[in-house]
Amino acid sequence: QDKLAEMNRKLKEETEASAEERNRLIAERDRVQREVEAQKVVMATKEAEKVQ
């Protein structure tokens, strides 16, 4: 979550950056977001297995 907030802050700072750099940062942020979501799924799955 912190990492995502950091990426968003960087994106705001990078408004002066080239479009290419901005696109790279957006792609990186999206990748991090997917990792965070995947991690949540893994944790939920482990919790569900414990309950059974």
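Heads up: take any position in the sequence shown, counting from 1, add 92, and you land on this note's numbering. All residues carry an ideal CB built from backbone N, CA and C; glycine is no exception. All figures in this text were calculated on a predicted structure; none of them were measured in a lab.
Quick one: what does DSSP say residue i is sitting in, helix, strand or coil?
i: Gln-125; result: helix
i: Gln-93; result: coil
i: Gln-131; result: helix
Assuming the contact rule is C-beta atoms closer than 8 Å, residue i and residue j should be a hit. Round their C-beta distance to whole Å, please.
i: Leu-103; j: Val-124; result: With a Cβ gap of about 12 Å, Leu-103 and Val-124 do not count as contacting.
i: Val-143; j: Gln-93; result: Actually they are not in contact, since the Cβ atoms of Val-143 and Gln-93 sit about 25 Å apart, beyond 8 Å.
So, do the segment 132-143 and the segment 110-119 have three or more beta carbon pairs nearer to each other than 8 Å?
no
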